[in-house]
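Under the numbering used here, the first residue of the sequence shown carries the number 1055, and numbering increases by one thereafter.
Worksheet for the structure shown next.
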Amino acid sequence: MNKLSHEVLLALAYVSQMSNPDLIRSRFIESLNGLDEAFAFEFVDHLPQGVPEHRVLRIATLRSSFGYVVMPESPGVSEAEQGVFRSAFTFLAVLLENREQARALQTKNESLLKEIKIEKSLVRTVLDTLPVGVWVADGNGAILMGNAANENILTGTRYAGKAWWPDAGRHIKAGNWGFMRAIGAGETVTDQEIDVECFDGARKTILHSAAPLLDDEGQVAWAVAVNQDITERKQAEKRLQDQNQFIQTILDNLPIGLAVNYFDKGTAAYMNKQFEAIYGWPAEDLRNIGTFFEMVYPDPEYRQKVQSQVLHDIRSGDPEQMQWDDIEVTTKTGDKRIVNAKNIPLFEQNFMISTVQDITTRKRAEEALRTSHERFLKVLNCIDATVYVADMNTHEILFMNRHMVESFGRDMTGDICWQAFRGEEGPCPHCTNDRLVDENGRPADVCAWQGRNPVTGRWYINYDRAIEWIDGRLVRLQIATDITEFKKMETALRQAQKMEAIGTLAGGIAHEFNNMLGIILGNTELALDDVPEWNPAVDFIREIRTASLRARDVVKKLLSVARKAPSSKKPLRIGAVVGESLALLGKTIPETIEIRQNLFCTTETILGDPTGIDQILINLCTNAVHAIGDAAGVLDVRLETTTVDDRLSDQYDGLPPGEYVELTVADTGKGIDPDIMERIFDPYFTTKDVDEGLGMGLAVVRGIVKKHDGAISVESRPGRGTVVTVWFPLAEALDAAKRTAIG
C-alpha cells in the first residue's frame, strides 16, 4: 500500500507538470493501471449509467469538475486501499487547481510585465522625443532618470545620480530653484527663467518648471522637473526688442507724425511722439477718431467741411485721394497750426497708416517770402528803369519788371534774351557775360555800357552784374536806364554849340554879303530907271531885284541867328508860301526832273516866318535835285494836315501830340548811305564836291524847323530815293497848347 501510494504520488507529480488535459487523463490512467494489473481504472468525463456509486470517484477542483475515475469490480480492494486512492485523487485535484492558478497568474504576470515593458518603452520614447528636458530626483537631490533632451540642454550626462543645478545656476541660490521648492515645500513652480552654465562652459537660458511626486503615504518622495532651452528665443526676443527699440527710436524721432489706426474700430493702435506734438494733444485724447475731429477742429463748420472731405476720400479706397494739404488744426492750448496729412491704407491687415507734417513754419516762411517778393516786385516795378534776369548759360529770361514789359510790349519771361530784346539770330556780339565773372567763376564787378536797342529804338545805359539766383545758379542781372532824352539833349547841345560857331562865322559872312547885296540892289534900281518898260530886260532886272530882296532876307536871318535875335513869326497860310517858292524853283530845276505838287493845304495857318519856310523848301529841293543828278527823276512835294498821337510823338523827335501841317519832299535820287544817316544834320557835313556846297543846308533847315516848334524826319534807302518830312503845328493847336501850359 505504501508502495502504491508512493508510486501514485510520483505519477501524479509527473502528470501535474503537463498542461494538455487530454494528455493528463491518458497518462493518469496509465499510471494507475500500471500499479497493479488487477485494477483497471477508467477515467471518464461523465458518470456512466448503471455503475454503482462505490465504484466511482469524482475528481473535482474548487472551480469545476475535472472528471470521474471508475474503479473495477474487485473484491480484493479494501477500504484502506480505496481511501489511499481517494486521497491521491483529491491531492491530484488540488495540485491541478493550484497548477492552473499558478499558470494563470504567470500568464497574467507575463502580460503585465509585457505591458509594463511596452509602457516603459513608450514613456522612454516619448521622453526622449520631447523637445524639453525632463528629469526626476529623490528627496536627497539624486537624479533618478532624465531624458535625452535634458542631456542635450546641459551638453552631457555627468549629472546622473547627483545634483548639478546648484553649480549650474550660479546667479540664483540653490534654494530658489523651482525643483528645490518642489522637493522641499511641495510647491509647484512653473516658467522660472534661469541662466545656467552648461558642462561645456556654454551659457544658456532655460525655462524651468517643477512639481512634487508623493508616495503611498502622501509624503513628497520625489520631484519631477522640466527644462526648456529658450536661449535662442531669448536672443530672438532680445534682437526683436532691440529692433523694436530701434524702430521706436526712428519713429519717435521722425520729423513727421505717424499713427496706425484700425479700420473697423476707429481707434489708433499706435502713434509716435511727433504725432502728439504736431496736433498738440495727448495720445489718449487722439486715439478715438470720433473725438479727434471735435478736439482738433473746434469750429463746427470747418470741422464738417474737413471731416466730410476726409471720409469721402477714404471711402473711395484710392490712396491718391487720401492726401490733404494746408489743413488748419487747433492744439489743446488753442494755437493754430497748418498741416499736411496723408493716409496709407493696408486693407488686408485692417490697418491704415496716418501721417501728418507740420508746415506752419514753412507756410509762414512762404508768406513772409511772398510778402517780401511782392515788396521786392513793387520796388522793381516802381523803378523807372528796365530790369531783367537771364540765365548765363542758356540765355533764358527768368524775370522782367513791369517797366520793361511795358517798354517791349509784352512779358517775355521764358524767351531767349538775344532773340527777344535785340532780334539777333545768335548771342549778342557785345554780350558781357564773360566780363561778369572772375577766373574762378565767381561774380565780378559791375559792367556798365550804353547802346541803342534795335527793337525799341531807344538808348540805354546798362549795368550788368552776375548774381546767384534763388536756385543757386549764376544769372545776369541787368538794370538799364533809358537815356534817349539825354542823348537827344546831348545831340541838341552839340548841335547848338556847332550852330553857335556857325552863327559867329555866318554873322561875319552875312555882314560882308549884305554889303554886296546893297550894291546889287542899288544898281538894279538904277538899271530899272534907265531901261524903258518896253525893253525885255526889264523883266530880268526885276527878277534880279526879287532874288536880291530874298537874299537880303536870308542875310537878315543869318544875322539874327548870329546875334541870337528872336525870330519874328506871324500867322501865315503856308500853302501860299510853299506855292510861291516852288514857282521860283521851277525856273531853276533841270527839265529832266518832274516836279509834282500836291498842296492840299490852302487855308491852314501856322505861326511862321515866310523867309524861313522859303529857305527850308529851297534847301530840301536843292538837295533832292543834287541827289537825282543828270538822270531823269521826280521831285514830289506834298503838303497836308495830319494828327500826331503819343506813339508818333516819341518817334518824331519828341513832337507834342496835336494837329500839324506835314510838308514832304521826296525824290527818286540815289539815297543816303545808312552809315552817314546820323551825321546828315551836322554842320559842314556834306557828300558834295567842294564847289557844290558847304554842308550847311540841313543844319540850317533843322534850326529853322525847331524855331517853328516843329520836327523833321529823314527816311532813305540807297538807290530808292529820300523822303524828308517836316511838321509845323497849326496856329490854333499851338495857341491851345500854350494856353494849356500857362493854365
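We treat Cβ as the ideally placed atom computed from N, Cα and C, and that holds for glycine.
Can you give me the start and stop residues for the alpha helix (DSSP H) that residue i sits inside?
| i | result |
| --- | --- |
| residue 1290 | 1285-1306 |
| residue 1509 | Neither: residue 1509 is in no alpha helix (DSSP H) and is coded neither H nor E. |
| residue 1232 | 1232-1239 |
| residue 1358 | 1354-1370 |
| residue 1666 | 1664-1682 |
| residue 1407 | Taken as a continuous stretch (DSSP letters only), residue 1407 belongs to no alpha helix (DSSP H), being part of the beta strand (DSSP E) at 1405-1412. |
| residue 1458 | 1456-1462 |
| residue 1624 | Taken as a continuous stretch (DSSP letters only), residue 1624 belongs to no alpha helix (DSSP H), being part of the beta strand (DSSP E) at 1624-1627. |
| residue 1205 | 1202-1208 |
Decide if residue i is buried, meaning its Cβ has at least 16 other Cβ atoms within 10 Å, or exposed.
| i | result |
| --- | --- |
| residue 1263 | buried |
| residue 1299 | exposed |
| residue 1391 | buried |
| residue 1578 | buried |
| residue 1442 | buried |
| residue 1619 | Because the pLDDT of residue 1619 is 49, which lies under 50, any placement of that residue in the model is unreliable, and the question is left without a value. |
| residue 1784 | buried |
| residue 1273 | exposed |
| residue 1508 | exposed |
| residue 1117 | Because the pLDDT at residue 1117 is just 47, under 50, the model does not fix this residue reliably, and the value given afterwards should be weighed accordingly. Residue 1117 should be labelled exposed. |
| residue 1637 | exposed |
| residue 1763 | buried |
| residue 1269 | exposed |
| residue 1196 | exposed |
| residue 1331 | exposed |
| residue 1175 | exposed |
| residue 1356 | exposed |
| residue 1024 | A question about residue 1024 goes unanswered here, because the residues of the chain that appear run from 1055 up to 1797. |
| residue 1588 | exposed |
| residue 1484 | exposed |
| residue 1440 | buried |
| residue 1531 | buried |
| residue 1422 | exposed |
| residue 1449 | buried |
| residue 1645 | exposed |
With DSSP run on the structure shown, which of helix, strand or coil describes residue i?
| i | result |
| --- | --- |
| residue 1582 | helix |
| residue 1418 | helix |
| residue 1270 | coil |
| residue 1782 | strand |
| residue 1257 | strand |
| residue 1761 | helix |
| residue 1588 | coil |
| residue 1348 | helix |
| residue 1491 | strand |
| residue 1342 | strand |
| residue 1563 | helix |
| residue 1808 | Look at the range of the chain in this structure, 1055 to 1797, and you will see that residue 1808 is not part of it. |
| residue 1754 | helix |
| residue 1472 | helix |
| residue 1501 | strand |
| residue 1326 | coil |
| residue 1399 | strand |
| residue 1161 | helix |
| residue 1540 | helix |
| residue 1744 | Legend: pLDDT at residue 1744 = 40, less than 50; position of this residue unreliable, value from coordinates given subsequently. Coil, per DSSP. |
| residue 1332 | helix |
| residue 1735 | coil |
| residue 1727 | coil |
| residue 1535 | strand |
Which residues does DSSP pair with residue i in a beta bridge?
| i | result |
| --- | --- |
| residue 1262 | 1246 and 1281 |
| residue 1530 | 1444 and 1520 |
| residue 1008 | Here the chain has residues from 1055 to 1797 only, and residue 1008 is not among them. |
| residue 1384 | 1390 |
| residue 1770 | 1776 |
| residue 1425 | In the DSSP output, where bridge partners are listed per residue, residue 1425 has none listed. |
| residue 1251 | 1257 |
Along the chain, where does the beta strand (DSSP E) that runs through residue i open and close?
| i | result |
| --- | --- |
| residue 1696 | 1687-1698 |
| residue 1718 | 1712-1721 |
| residue 1312 | 1311-1316 |
| residue 1648 | 1647-1653 |
| residue 1191 | 1187-1192 |
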